[in-house]
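Trainee: Chains S and A, in that order, give the protein sequences.
Following my numbering, the numbering of the first sequence begins with 67 at its first residue and continues without gaps.
Following my numbering, the numbering of the second sequence begins with 417 at its first residue and continues without gaps.
Before anything else, here's the structure in question.
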Amino acid sequence: MIQVQNLTRYYGRTPAIQDVSFEVEKGEILGFLGPNAAGKTTTMRILTCFMPATSGTAQVAGFDVFNQSMDVRKRIGYLPEQPPLYVEMTVKAYLNFVAKIKGVDPRERKNRVNDVMEKTAITERQNDVIRKLSKGYKQRVGLAQALVHNPEVLVLDEPTVGLDPTQIIEVRKLIKSLAHNHTIILSTHILPEVEMTCARALIISRGRIVAQDTIENLTHRKRGAERLVLQVDGPIGSVREKLASLSGIKKVKGDSVNNSVGRYDIECESGRDLRRELAQAVVQNGWGLLELRAKDFTLEEVFLNLTTEEGGAKA
Amino acid sequence: MRNFLAILERELKSYFLSPMAYVVLGFFIIATGLFFWSIVNWFDRTSMQSMMMAQQYRQAPQPMNVNMMAIRPLLHNVAIIALFLLPGLTMRLFAEEKKQGTMELLATSPLSNWQITLGKFAAAWAFYLVMLLATGVFVGLLFFFGNPEIKPILSGYLGLLLVGGSFLSLGLLFSAFTENQIIAFVSAFAVNLMFLALGWLASFSGPTLAAFFTNISPLEHFDDFSKGVIDTKHLIFYLSFMFGGIFLTFVTVESSRWRGAR
Chain S
67 MIQVQNLTRY YGRTPAIQDV SFEVEKGEIL GFLGPNAAGK TTTMRILTCF
117 MPATSGTAQV AGFDVFNQSM DVRKRIGYLP EQPPLYVEMT VKAYLNFVAK
167 IKGVDPRERK NRVNDVMEKT AITERQNDVI RKLSKGYKQR VGLAQALVHN
217 PEVLVLDEPT VGLDPTQIIE VRKLIKSLAH NHTIILSTHI LPEVEMTCAR
267 ALIISRGRIV AQDTIENLTH RKRGAERLVL QVDGPIGSVR EKLASLSGIK
317 KVKGDSVNNS VGRYDIECES GRDLRRELAQ AVVQNGWGLL ELRAKDFTLE
367 EVFLNLTTEE GGAKA
Chain A
417 MRNFLAILER ELKSYFLSPM AYVVLGFFII ATGLFFWSIV NWFDRTSMQS
467 MMMAQQYRQA PQPMNVNMMA IRPLLHNVAI IALFLLPGLT MRLFAEEKKQ
517 GTMELLATSP LSNWQITLGK FAAAWAFYLV MLLATGVFVG LLFFFGNPEI
567 KPILSGYLGL LLVGGSFLSL GLLFSAFTEN QIIAFVSAFA VNLMFLALGW
617 LASFSGPTLA AFFTNISPLE HFDDFSKGVI DTKHLIFYLS FMFGGIFLTF
667 VTVESSRWRG AR
């Protein structure tokens with residue numbers, strides 16, 4: 067449904083994105099992950115024909131975003147980071163206007179508007195002026211706007227930013243329910259969001275794609291190394307030294323919890339469970355073992371790892 | 417065409433929902449009313465004096481012409497009031513869209529930049545037409561109490577529509593430059609003021625420079641219209657001025673997309 071090849075965009079001399087390539091299948095939800103200013107919005111803006119790329123091509127539903135821009139625009143619904151609302155209008159009038167400029171058939175317009183209002187649960191507020199709506203409702207109107215012409219592709223830029231937890235859950239549910247009929251790209255810097263809504267994620271950092279895979283594979287990738295968490299009552303310096311000296315341990319990070327208790331993050335060589343050895347070492351030295359457990363890598367850690375590795379390589 | 421109308425309709429409706437448009441409309445009516453009142457007063461006094469003089473010297477009174485002596489200066493003042501107030505109508509047209517992020521909606525919808533630019537200009541022009549129609553009440557009063565000629569009034573209003581259209585096209589351009597409405601207002605206002613000043617400047621300049629100054633200022637092309645003369649020279653001036661402003665706006669909108677600015 068979406069094919070992106072070697073997309074590059076410069077702002078003046080600064081590259082915003084470089085050599086970005088990816089594909090999205092029909093009916094898929096792709097999570098677009100990256101820290102702020104990584105190039106998520108730039109990529110989305112190119113896909114939605116807001117601005118052209120410096121080089122590279124992108125196709126949406128078989129149409130080129132540059133040469134067949136009008137065909138793409140008819141088939142794409144876009145919710146920018148700041149929902150594009152005319153705050154002096156009522157919800158209904160606003161959606162009507164959007165339906166008009168998106169080229170919805172005048173005979174179907176009323177049905178479409180009612181339909182998306184129902185989908186996004188804003189029907190009761192249809193006659194309210196948008197300015198007076200809460201942030202959550204505004205976000206929903208923004209979603210309704212992106213849906214009103216029943217586009218094949220939906221591009222959502224940080225759709226849950228600034229919402230309260232209940233609203234976030236609602237919006238996520240809504241997005242998930244849309245996946246049956248639409249292909250969705252969703253950008254975010256909130257990782258659990260990707261884990262919950264998307265099947266596949268793409269991690270972008272400093273304008274380059276650093277990983278793209280299913281969520282499962284992404285979290286697995288790092289799982290080659292085992293991780294343990296340990297809490298010990300004892301002098302931090304010597305505990306850390308002792309732990310680091312054990313065979314099979316790659317890295318030990320220690321923080322003090324309070325005066326004598328320390329918390330240690332330990333990375334072991336892959337495939338080895340060193341819990342017994344660790345417990346023994348602690349007890350032999352007469353320290354108190356307060357906690358010892360194995361830990362999985364979260365998407366968050368994978369993400370941090372990938373995005374900072376890139377930075378380290380550059381510096 | 418449908419897209420152009422959709423933009424025009426939304427902009428026009430939002431004028432009627434925005435306080436700024438009412439401020440502009442209100443001040444326009446008040447200022448025009450003040451000028452009307454003082455001009456009619458003056459006209460009244462002058463004709464009384466002329467009658468008394470005639471009686472004293474047993475002569476026929478001097479002929480007084482409402483069109484030339486009341487309506488023409490009134491329309492001229494309306495043009496100057498428009499010069500001051502119209503930047504208030506245009507300042508939000510693009511600046512607000514950029515600030516609110518709604519430009520992203522327009523720019524990603526199947527609309528051309530021409531449809532957007534022309535739709536916005538037409539909406540501002542239509543609102544200005546409403547403002548002009550409101551001043552029609554004053555001219556109507558003259559018809560009620562006097563006997564003015566209709567043709568110079570109509571041509572005068574046509575002239576006003578064109579002068580105002582020129583100021584609006586300029587204001588539209590300044591609105592496309594920035595996302596700050598105040599900057600859009602002040603810069604359009606300053607340039608309009610400069611056009612007003614060109615008229616004064618011309619009176620201190622040599623013949624060549626004076627001709628240049630009077631020819632580039634929209635205000636200086638207005639006088640013939642208020643006399644009832646529709647000269648193609650002036651008509652072409654106004655139409656090309658408006659086209660120039662709108663075209664440059666279009667180019668600005670188009671190029672901001674290439675540069676990646678909002």
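For glycine and all other residues, C-beta sits at the position ideal for the given N, C-alpha and C.
Computed from a predicted structure; not experimentally measured.
So that I know if they touch, is there some Cβ in chain A lying closer than 8 Å to that of S:ALA381?
Mentor: At S:ALA381, the pLDDT of 33 sits below 50, so the modelled position is not reliable and the matter cannot be decided from this model.
Trainee: Quick one: is S:GLY78 buried, meaning 16 or more other Cβ sit within 10 Å of its Cβ, or exposed?
Mentor: Exposed, because fewer than 16 other Cβ atoms sit within 10 Å of the Cβ of S:GLY78.
Trainee: According to DSSP, simplified to helix, strand and coil, what is A:ASN529?
Mentor: Correct three-state label for A:ASN529: helix.
Trainee: Is it true that the CB of A:LEU589 sits closer than 8 Å to the CB of A:THR665?
Mentor: Yes.
Trainee: Quick one: is A:ARG426 near chain S, going by C-beta distance under 8 Å?
Mentor: Yes, contact with chain S.
Trainee: Just checking: is the beta-carbon of S:PHE88 within a distance shorter than 8 Å of some beta-carbon in chain A?
Mentor: No, S:PHE88 does not count as interfacial toward chain A.
Trainee: How many whole angstroms separate the CB atoms of A:MET467 and A:PRO477, which I take to be in contact at a CB cut-off of 8 Å?
Mentor: Between A:PRO477 and A:MET467 the Cβ distance is about 5 Å, and since that is below 8 Å, they are a contact.
Trainee: Ends of the beta strand (DSSP E) at S:ALA124?
Mentor: Unbroken beta strand (DSSP E) run through S:ALA124: 121-126.
Trainee: Could you please tell me which residues of the stretch 110-136 of chain S, in chain order, have their CB closer than 7 Å to any CB of chain B?
Mentor: Of the chains in the structure shown, none is chain B; the protein chains are S and A.
Trainee: Note down, in chain order, every chain A residue with its Cβ under 8 Å from the Cβ of S:VAL164.
Mentor: Within 8 Å Cβ-Cβ: LEU521, SER525.
Trainee: Taking Cβ-Cβ distances shorter than 7 Å, what residues in chain S pair up with A:LEU509?
Mentor: Result: empty, since nearest Cβ-Cβ is about 13 Å, beyond 7 Å.
Trainee: Counting only Cβ-Cβ distances shorter than 9 Å, please list the residues of the stretch 424-452 of chain A near chain S, keeping chain order.
Mentor: Those would be GLU425, ARG426, LYS429, SER430, LEU433, SER434, in chain order.
Trainee: Report the CB separation of A:VAL579 from A:LEU635 in whole angstroms; it is logged as a contact under 8 Å.
Mentor: Rounded, the Cβ-Cβ distance is 7 Å, consistent with contact.
Trainee: Around the Cβ of S:VAL170, are there at least 16 other Cβ atoms within 10 angstroms (buried) or fewer (exposed)?
Mentor: It counts as buried.
Trainee: Compare the C-beta of A:ARG461 against all C-beta atoms of chain S and say whether one is closer than 8 Å.
Mentor: Chain S, which has no Cβ nearer than 8 Å to the Cβ of A:ARG461, makes this no.
Trainee: Answer with buried or exposed for S:LYS380, where buried requires no fewer than 16 other C-beta atoms within 10 angstroms of its C-beta.
Mentor: Low local confidence applies: a pLDDT of 38 at S:LYS380 is under 50, so the model's placement there is unreliable, and no value is given.
Trainee: If the criterion is Cβ atoms closer than 8 Å, does the pair S:PRO150 and S:GLN205 meet it?
Mentor: Taking 8 Å as the Cβ cut-off, S:PRO150 and S:GLN205 do not qualify as a contacting pair.
Trainee: Going by the beta-carbon positions, is the gap between A:PHE641 and A:SER585 smaller than 8 Å?
Mentor: Against a cut-off of 8 Å, the Cβ pair of A:SER585 and A:PHE641 comes out as no contact.
Trainee: Have a look at S:PRO217 and S:GLY143 and give me their C-alpha separation to the nearest angstrom.
Mentor: The alpha-carbon atoms of S:PRO217 and S:GLY143 are separated by roughly 6 Å.
Trainee: Spell out a yes or no on whether the stretch 178-191 of chain S and the stretch 100-118 of chain S are touching, meaning 3 or more CB-CB pairs, one atom from each, closer than 8 Å.
Mentor: Judged by Cβ distances under 8 Å, the stretch 178-191 of chain S makes no contact with the stretch 100-118 of chain S, as fewer than three pairs qualify.
Trainee: Which partner residues does S:VAL195 have in the DSSP bridge list?
Mentor: DSSP lists S:THR156 as partners of S:VAL195.
Trainee: Would you say A:ALA422 reaches chain S, if we count a Cβ-Cβ gap shorter than 8 Å as a contact?
Mentor: So yes, A:ALA422 belongs to the interface.
Trainee: Below 8 Å on the Cβ atoms is my guess for A:ALA542 versus A:THR506; work out the distance and round it to an integer in Å.
Mentor: Contact flag wrong, Cβ pair sits at about 13 Å.
Trainee: In three-state terms, what does DSSP make of S:ALA379?
Mentor: Only weak support exists for where S:ALA379 lies, its pLDDT of 40 falling under 50; the coordinates are left without a value.
Trainee: Can you pull the DSSP bridge partners for S:LYS361?
Mentor: S:LYS361 is bridged to S:ARG293.
Trainee: Touch check for the stretch 304-318 of chain S and the stretch 248-263 of chain S: three-plus C-beta pairs under 8 Å?
Mentor: The stretch 304-318 of chain S, when compared against the stretch 248-263 of chain S, does not touch it at the 8 Å Cβ threshold.
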